[in-house]
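Trainee:
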Amino acid sequence: MVRQIRNQVDKPNYTTSIKIRIHKDLRKTVDLCQKAESAGVSWITVHGRTTDERHQPVHYDAIKTIKDSMSVPVIANGDIKYLCDVESTHQLTGVDGVMAARGLLANPAMFAGYEDTPLECIWDWVDISTELGTPFTCFHRHLVYMLERVSSQPERKAFNSLSSTSAVIDYLQNTYGTLQDLGT
Numbered sequence: 001m002v003r004q005i006r007n008q009v010d011k012p013n014y015t016t017s018i019k020i021r022i023h024k025d026l027r028k029t030v031d032l033c034q035k036a037e038s039a040g041v042s043w044i045t046v047h048g049r050t051t052d053e054r055h056q057p058v059h060y061d062a063i064k065t066i067k068d069s070m071s072v073p074v075i076a077n078g079d080i081k082y083l084c085d086v087e088s089t090h091q092l093t094g095v096d097g098v099m100a101a102r103g104l105l106a107n108p109a110m111f112a113g114y115e116d117t118p119l120e121c122i123w124d125w126v127d128i129s130t131e132l133g134t135p136f137t138c139f140h141r142h143l144v145y146m147l148e149r150v151s152s153q154p155e156r157k158a159f160n161s162l163s164s165t166s167a168v169i170d171y172l173q174n175t176y177g178t179l180q181d182l183g184t
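1 is the number of the first residue of the sequence shown in the UniProt record's numbering; add one for each residue after it.
Shown next as C-alpha cells:
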C-alpha cells in the first residue's frame, strides 16, 4: 500500500506513514516495518500492544527493538496520559516522537503543560460543539473524558445520566462555574 501511494503521488515532500500494533512474534513486526521502510514510508507509529491487549502494560522493549531496526522516524503510541510520560517513553525506547490518544481525550491541554483539563478548555469545547451542532453523544463523551480526573464518583454518575446539551451546560455551570466566575 505504501508503494502504491508513493507511485500515485508525484510530490517529493509528500509524506506517507503507517500506524501498527505489535505482533506476538516481534520478528514479524520488525519485518513488516522494514518492508514498509523499503516501500518508502516516511515514518511509522507503533502502538506497543498486540491487537488482543487493551489495558495491559505497553511493551516498551518491543518499541525499542523496532526503533533500533529502522532508519525512518519511529513514533511510540500507548499510555501517554501525562506530559511526563512523553519523556519516560523516549528514555525507554529512543523514539523520535509520541502519539497520544486517550491522554489527550482526558486532557486536551496536556501538551500545553496542564496536569488536568483547565476549565477554559472545557468551556471552549462546549462553545465549539454548540456552534457546530456536534451530536450529543459525541459532545457528552468528550466531556466525560475531560472531567474524569477532576470529578468524584457521585459527580461522574450524575454527569453520565445527563441526556441533553442544556442539562450538561447547567451541570457544568452549577458544579464548576463559568469563566466569568474565575475572572477570565
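Think of the CB as a built atom: it goes at the ideal place given N, C-alpha and C, for glycine as much as any other residue.
Nothing here was measured: the structure is a model prediction, and the numbers come from that model.
When we look at the beta-carbon of Leu143 and count the other beta-carbons within 10 Å, is it buried (16 or more) or exposed?
Mentor: Leu143 should be labelled buried.
Trainee: List the DSSP bridge partners of Trp43.
Mentor: Ser17.
Trainee: Please list the segments of the alpha helix (DSSP H) lying wholly inside the UniProt domain "DUS-like FMN-binding" (1 to 153), counting only runs of 4 or more residues, in order along the chain.
Mentor: Correct list: 2 to 8, 26 to 39, 60 to 68, 83 to 93, 102 to 106, 119 to 132 and 136 to 147.
Trainee: Rounded to whole angstroms, how far is the Cβ of Lys19 from the Cβ of His47, which I believe are closer than 8 Å?
Mentor: The Cβ separation is near 7 Å, so the contact holds.
Trainee: In this structure, how does DSSP classify Leu162 when only helix, strand and coil are distinguished?
Mentor: Three-state DSSP puts Leu162 in coil, outside helix and strand.
Trainee: When you compare the CB positions of Leu172 and Val126, do they come within less than 8 Å of one another, or not?
Mentor: For Leu172 and Val126, yes; Cβs fall inside 8 Å.
Trainee: Contact between the region 126 to 135 and the region 96 to 108 is defined here as three or more beta-carbon pairs at a separation below 8 Å; is this criterion met?
Mentor: Taking 8 Å as the limit for Cβ pairs, the verdict is that the region 96 to 108 does not touch the region 126 to 135.
Trainee: Give every residue of the same chain whose Cβ lies closer than 7 Å to the Cβ of Val86, excluding the five residues on either side of it in the sequence, and list them in chain order.
Mentor: Closer than 7 Å at the Cβ level, and outside the excluded window around Val86, lie Ile80 and Val98.
Trainee: Going by C-alpha distance, which of Glu148, Thr165 and Ala109 is nearest Tyr131?
Mentor: The sequence shown places Glu at residue 131, not Tyr. If we check each option's Cα against that of Glu131, Thr165 comes out closest.
Trainee: Is Glu115 buried or exposed, if buried means 16 or more other CB atoms sit within 10 Å of its CB?
Mentor: Exposed: under 16 other Cβ atoms inside 10 Å.
Trainee: Return yes when the Cβ of Leu105 is within less than 8 Å of the Cβ of residue 185, no when it is not.
Mentor: The requested residue 185 does not occur in the structure, where the chain is confined to residues 1 to 184.
Trainee: Which class does Thr175 belong to by DSSP, given the choice of helix, strand or coil?
Mentor: Three-state result, Thr175: helix.
Trainee: Which value, in whole angstroms, describes the spacing of the CA atoms of Ala36 and Gln91?
Mentor: Roughly 25 Å separates the two Cα atoms.
Trainee: Suppose you measure from the CA of Pro154 to the CA of Phe136; what does that come to, to the nearest Å?
Mentor: Taking the straight line joining both Cα atoms gives about 22 Å.
Trainee: Would a C-beta distance cut-off of 8 Å place Cys33 and Ser69 closer than the cut-off?
Mentor: Result yes, Cβ atoms of Cys33 and Ser69 sit closer than 8 Å.
Trainee: Rounded to whole angstroms, what's the CA-CA distance from Ile22 to Arg156? Just pull it up for me.
Mentor: Rounded to the nearest angstrom, the two C-alpha atoms are 34 Å apart.
Trainee: Would you decide whether Ile122 is buried or exposed? Buried here means 16 or more other CB atoms lie within 10 Å of its CB.
Mentor: Classification of Ile122: buried, given that the 10 Å Cβ count is 16 or more.
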